[in-house]
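J.: Protein chains in written order, with the working numbering: chain G, 1 to 337; chain Z, 338 to 674.
From the three backbone atoms N, C-alpha and C, an ideal C-beta is built for every residue, glycine too.
2 protein chains.
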Amino acid sequence: MKYITIKDIAKKLNTSVSTVSRAFNDKSDINVKTKELVLKTAKEMGYRQNRMAKNLVQKRSFNIGIVVPEFVNSFFPEVIMGAQEILFEKGYQVLITQSNECYTTELKNVQSLENSMVDGLLISLSSETDNIDYYQDLVKSGFPIIFFNRTYKEINASKVLFNDYKWAMFATEHLIRQGYKNIYHFQGIKTLTLSRERRRGFMDAHRKHKLIVEPHQVITSGFFMEDGENIAKKLIENNTIPDAIFAANDQLAIGAMNIFKKNGYKVPKDVAFIGFSESKMGSIVEPPLSSVKQPTFEIGKKAAQLLLDHIESGKNYIPQTIVLDGQLNIRASSQKI
Amino acid sequence: MKYITIKDIAKKLNTSVSTVSRAFNDKSDINVKTKELVLKTAKEMGYRQNRMAKNLVQKRSFNIGIVVPEFVNSFFPEVIMGAQEILFEKGYQVLITQSNECYTTELKNVQSLENSMVDGLLISLSSETDNIDYYQDLVKSGFPIIFFNRTYKEINASKVLFNDYKWAMFATEHLIRQGYKNIYHFQGIKTLTLSRERRRGFMDAHRKHKLIVEPHQVITSGFFMEDGENIAKKLIENNTIPDAIFAANDQLAIGAMNIFKKNGYKVPKDVAFIGFSESKMGSIVEPPLSSVKQPTFEIGKKAAQLLLDHIESGKNYIPQTIVLDGQLNIRASSQKI
DNA sequence: CTAAATTTCGAGAACGTTCTCGAAAAAAAT
DNA sequence: ATTTTTTTCGAGAACGTTCTCGAAATTTAG
């Protein structure tokens, strides 16, 4: 493949590369007519700018790296779409990688992206990540990096978060107000800040209403549908059937709901359900699943915006934390009849 | 941000940049001891290779571009994951873009990726794309590009396809064998090759069983759940209720199913359903949706492999078409009781 | 009509690598 | 000890851009 370069154009027009370069970069010190001529012949010759070279001299790639734990739920794709929307219009390309919830792959991704000279990073940590030294160094070095959803308090960088505590509390209170007494919480992966926050919301809602939560009411697992199924099976086996379940995500709730239904339990009469991070599936399932809706697009957009801010302001950027709010969508799965 | 370069290392070690470069590139003409020394001090100094520069001289980026129409269904994410698996282990980075089913964005994506000097392209065309001149030129120029799922016969490049005809036929026959007579087909976007193939399967299944299909039994729409809902509403309005519906994807089927259920129709007793491109939702819905399962990961893997072949063999690459097979998963939504 | 100001341009360095070529150093062969 | 071979290295071009600096051309002012 023979690329046409700026030199070829210069030669053809009997001018210098500087002039041609000027034409493309909207520089003021060039005659409008020559500029147009350059642009025209460039088009005719099928010229395409070589980003590598440009980036090399400008020391920026106009690439943004995104690292997410997974792709299978619609949550992260939606966040990514939000970010892309902002970044794309500013001329940035987005490199997306996934860590598969694995710390080593996550680190490999980050480093690989750094090698590609990304101008900044948007990252949501894997559930396995408990060592944040690398990120601390990165942040300290001034590299533009924004964390979203899954992060650590200790990291002194900009963050876009969801108010997990508040909405977990609302969700739980909703169940309590419906009159449910024996409410279980499926907290997913225990160690994540977001899980802890949701659990805290769950606990405080009980406290507020002077209800006591027994340890066995909070159950740890993974975040997938199968995890929900397994928990439900075990509960049925032990014949410890909750009134209601507040799950840390829709997948867990749906998995469990299916098992309960299969075993003859009625939803919400026997067991009520409320999920989190509203997914499309939630509205399809029978009965439709109540859930807390997170502003996925908004998260992506805000994170992207912060990143652009950081890139533009350089060293003297002051990190901020944005906490977004959601919405409690009550559906049939949690309404006492 | 001050990057440490190969020059810095050379200076510190009192050697030449050539030697340092050799150390990193596993060249034979370097002493093992100096190599180790270079590698060690490079690590100490926190050296990170500049991809831009490397790519510039080597004229390849080790980046692969992927263009997909959308992100919201799990189909494309899964394909991407398959591709990533193959590409990642060969040291390639993946740049993902989405066209939002819009031709102009698609083209912009492709060009932007070309500017980033991607070594190759994996693409599934938007539903809007009817002008393939650009791709024809690209293919003719020898640029490595592999089409998957959505493509045009006319393009002379490697393709990874699904045997839509065959499995549409199987799906339809399954319904016919169950005794359904008045079967409708929701074909989605009419113009896509894959839609045409699926419709052809639908028609031929009827022909084979000596059944006649009236034009009104084949309905065109978009590919989203809302489209399915709208069709169902219209059918109910006109009181033309099919025995069974074969939808070109799960979303259409689920959308329609929900509306029928809401209007008091029983599934599968009053209306039976079968979808296509099995989605997670299909197994959650009540009753579980029969569907044709596509080997999503496999599609991504195969496409990536073809692309690597193409990149490696260069000009004398001979395009191939791989047609993959799927699986018919029969569930309650299509079983006559 | 000349001087000053402004516009427009070209030469050439720089970005951080890889790669070719030939030279120096070391090892092996005579 | 000398020649030949092999190993190891350094100099410098190249990749395709942008950018700085100063010079040429043009316009404006006096």
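Taking only three categories from DSSP, how would you classify residue 211 of chain G?
T.: What you label residue 211 of chain G is simply residue 211 of the first sequence in a count that begins at 1. Three-state DSSP puts residue 211 of chain G in coil, outside helix and strand.
J.: Is the beta carbon of residue 538 of chain Z sitting closer than 8 Å to the one on residue 503 of chain Z?
T.: Your numbering for residue 538 of chain Z matches position 201 in the second sequence. Your numbering for residue 503 of chain Z matches position 166 in the second sequence. Yes, the pair counts as a contact, with Cβ atoms nearer than the cut-off.
J.: Pairing CB atoms from the stretch 433 to 452 of chain Z with CB atoms from the stretch 105 to 122 of chain G, are three or more of them under 8 Å?
T.: no
J.: Quick check on the burial criterion: 16 or more other C-beta atoms within 10 angstroms. Buried or exposed for residue 77 of chain G?
T.: For the purposes of this step, residue 77 of chain G is taken as the residue at position 77 of the first sequence. The residue is buried, with at least 16 neighbouring Cβ atoms inside 10 Å.
J.: Ends of the beta strand (DSSP E) at residue 455 of chain Z?
T.: As a working mapping, residue 455 of chain Z is identified with position 118 in the second sequence. Here residue 455 of chain Z belongs to no beta strand (DSSP E), and DSSP marks it neither H nor E.
J.: Cβ closer than 7 Å: which chain G residues qualify as neighbours of residue 387 of chain Z?
T.: Residue numbering aside, residue 387 of chain Z sits at position 50 when the second sequence is read from its first letter. Neighbours of residue 387 of chain Z on chain G, chain order: 117.
J.: Rounded to whole angstroms, what is the Cα-Cα separation between residue 169 of chain G and residue 488 of chain Z?
T.: Taking the first residue of the first sequence as 1, we reach residue 169 of chain G at position 169. Taking the first residue of the second sequence as 1, we reach residue 488 of chain Z at position 151. When rounded, the distance between both Cα atoms is 49 Å.
J.: Can you look up residue 593 of chain Z in the DSSP assignment and give me helix, strand or coil?
T.: Here the question's residue 593 of chain Z lines up with position 256 in the second sequence. Helix, per DSSP.
J.: Once you ignore the five residues that flank residue 182 of chain G on each side, which residues in its own chain have a CB closer than 6 Å to its CB?
T.: Residue numbering aside, residue 182 of chain G sits at position 182 when the first sequence is read from its first letter. So the list reads 242, 243, once near-sequence residues are dropped.
J.: Of the residues that make up the stretch 615 to 647 of chain Z, which ones have a beta carbon closer than 8 Å to any beta carbon in chain G?
T.: 617, 618, 621, 622, 623
J.: So what's residue 72 of chain G in DSSP terms, helix, strand or just coil?
T.: If you number the first sequence from 1, residue 72 of chain G lands on position 72. Residue 72 of chain G: coil per DSSP, three-state reduction.
J.: Please name the residue, chosen from G/332, G/238, G/147, G/173, that lies closest to residue 207 of chain G on a Cα-to-Cα basis.
T.: The residue you call residue 207 of chain G lines up with position 207 of the first sequence. Selected option, being the one with the closest Cα: G/173.
J.: Measure from the C-beta of residue 313 of chain G to each C-beta in chain Z and report whether the shortest distance is under 8 Å.
T.: For the purposes of this step, residue 313 of chain G is identified with residue 313 of the first sequence, where counting begins at 1. No, residue 313 of chain G lies away from the interface with chain Z (no Cβ there is under 8 Å from its Cβ).
J.: Spell out the partners DSSP gives residue 338 of chain G in its beta bridges.
T.: Since the first residue shown for chain G is 1 and the last is 337, residue 338 of chain G is missing from the structure and cannot be characterised.
J.: Who pairs with residue 127 of chain G in a beta bridge, going by DSSP?
T.: As a working mapping, residue 127 of chain G is identified with position 127 in the first sequence. Looking at the DSSP assignment, residue 127 of chain G forms no beta bridge with any residue, so it has no partner.
J.: Give the DSSP bridge partners of residue 284 of chain G, in chain order.
T.: Position 284 of the first sequence, counted from the start, is the residue given in the question as residue 284 of chain G. Paired residue(s): none; residue 284 of chain G is not in a bridge.
J.: Spatial neighbours of residue 471 of chain Z within its chain, please: C-beta separation below 8 Å, excluding the five flanking residues on both sides.
T.: Residue 471 of chain Z sits at position 134 when you count from the first residue of the second sequence. Counting only Cβ-Cβ distances below 8 Å, and skipping sequence neighbours, we find 444, 447.
J.: Less than 8 Å between the CB atoms is what I'm expecting for residue 324 of chain G and residue 67 of chain G, so what's the real figure, rounded?
T.: By one-based count along the first sequence, residue 324 of chain G stands at place 324. By one-based count along the first sequence, residue 67 of chain G stands at place 67. Going by Cβ atoms, the distance from residue 324 of chain G to residue 67 of chain G rounds to 20 Å, so no, they are not a contact pair.
J.: Excluding the five sequence neighbours on either side, which residues of its own chain have a C-beta within less than 8 Å of the C-beta of residue 90 of chain G, listed in chain order?
T.: What you label residue 90 of chain G is simply residue 90 of the first sequence in a count that begins at 1. 308, listed in sequence order.
J.: Within a Cβ cutoff of 7 Å, which residues of the same chain sit near residue 246 of chain G, ignoring the five residues on either side of it in sequence?
T.: Numbered from its first residue, the first sequence carries residue 246 of chain G at position 246. 171, 172, 175, 183, 185, 202, 274.
J.: Thinking C-alpha only, which one of Z/568, Z/433, Z/666 is nearest residue 558 of chain Z?
T.: On the second sequence, residue 558 of chain Z is found 221 positions in, with the first residue counted as 1. When only C-alpha atoms are compared, the closest one is Z/568.
J.: Does DSSP classify residue 392 of chain Z as helix, strand or coil?
T.: In the second sequence, residue 392 of chain Z corresponds to position 55, counting from 1. DSSP, reduced to helix, strand and coil, places residue 392 of chain Z within a helical segment of the structure shown.
J.: Can you tell me whether DSSP reads residue 653 of chain Z as helix, strand or coil?
T.: Within the second sequence, residue 653 of chain Z is the residue found at index 316, counting from 1. Three-state result, residue 653 of chain Z: helix.
J.: For residue 664 of chain Z, is the classification buried or exposed, using 16 other Cβ atoms within 10 angstroms of its Cβ as the cut-off for buried?
T.: In the second sequence, the residue the question calls residue 664 of chain Z occupies position 327. Exposed, by the Cβ-count rule.
J.: Report the CB separation of residue 430 of chain Z from residue 95 of chain G in whole angstroms; it is logged as a contact under 8 Å.
T.: Walking along the second sequence from the start, residue 430 of chain Z turns up at place 93. Walking along the first sequence from the start, residue 95 of chain G turns up at place 95. Indeed they touch by this definition, with Cβ atoms about 6 Å apart.
J.: So with CB distances below 8 Å, who are the chain Z contacts of residue 77 of chain G?
T.: Position 77 of the first sequence, counting from 1, holds the residue named residue 77 of chain G. What residue 77 of chain G touches in chain Z: 408, 409, 414.
J.: Run down chain G in chain order and give the residues with a C-beta less than 7 Å from the C-beta of residue 451 of chain Z.
T.: What you label residue 451 of chain Z is simply residue 114 of the second sequence in a count that begins at 1. Going along chain G in sequence order, the residues near residue 451 of chain Z (Cβ under 7 Å) are 48.
J.: At least one CB of chain G closer than 8 Å to the CB of residue 360 of chain Z: is that the case?
T.: Locating residue 360 of chain Z in the second sequence gives position 23, where the first residue counts as 1. It does not: the Cβ of residue 360 of chain Z has no partner Cβ on chain G nearer than 8 Å.
J.: At a Cβ threshold of 8 Å, is residue 392 of chain Z touching chain G?
T.: Residue 392 of chain Z sits at position 55 when you count from the first residue of the second sequence. Yes, residue 392 of chain Z lies at the interface with chain G (some Cβ there is under 8 Å from its Cβ).
J.: Is it right to say residue 240 of chain G is buried, meaning 16 or more other beta carbons lie within 10 angstroms of its own, or is it exposed?
T.: Position 240 of the first sequence, counted from the first residue, corresponds to residue 240 of chain G. So residue 240 of chain G ends up on the exposed side.
J.: According to the neighbour-count rule (16 or more other Cβ atoms, all chains shown, within 10 Å of its Cβ), is residue 32 of chain G buried or exposed?
T.: On the first sequence, position 32 is the one that residue 32 of chain G refers to. Classification for residue 32 of chain G: exposed.
J.: Just how far apart, CA to CA, sit residue 633 of chain Z and residue 125 of chain G?
T.: The residue you call residue 633 of chain Z lines up with position 296 of the second sequence. The residue you call residue 125 of chain G lines up with position 125 of the first sequence. Computed Cα separation, rounded: 26 Å.
J.: Report the rounded CA-to-CA distance for residue 262 of chain G versus residue 213 of chain G, giving the unit in angstroms.
T.: The sequence position of residue 262 of chain G within the first sequence is 262, counting from 1. The sequence position of residue 213 of chain G within the first sequence is 213, counting from 1. Those two C-alpha atoms are separated by around 28 Å.
J.: Straight-line CA distance for residue 406 of chain Z to residue 548 of chain Z?
T.: Sequence index remark: in the second sequence, residue 406 of chain Z carries index 69 (1-based). Sequence index remark: in the second sequence, residue 548 of chain Z carries index 211 (1-based). If I take the Cα positions, the gap works out to 36 Å.
J.: Going by DSSP in three states, residue 188 of chain G sits in which element: helix, strand or coil?
T.: The sequence position of residue 188 of chain G within the first sequence is 188, counting from 1. Three-state result, residue 188 of chain G: strand.
J.: Assuming residue 355 of chain Z is part of the alpha helix (DSSP H), what are its boundary residues?
T.: By 1-based counting over the second sequence, the position of residue 355 of chain Z is 18. Looking at the DSSP string, the run of the alpha helix (DSSP H) that includes residue 355 of chain Z is 354 to 361.
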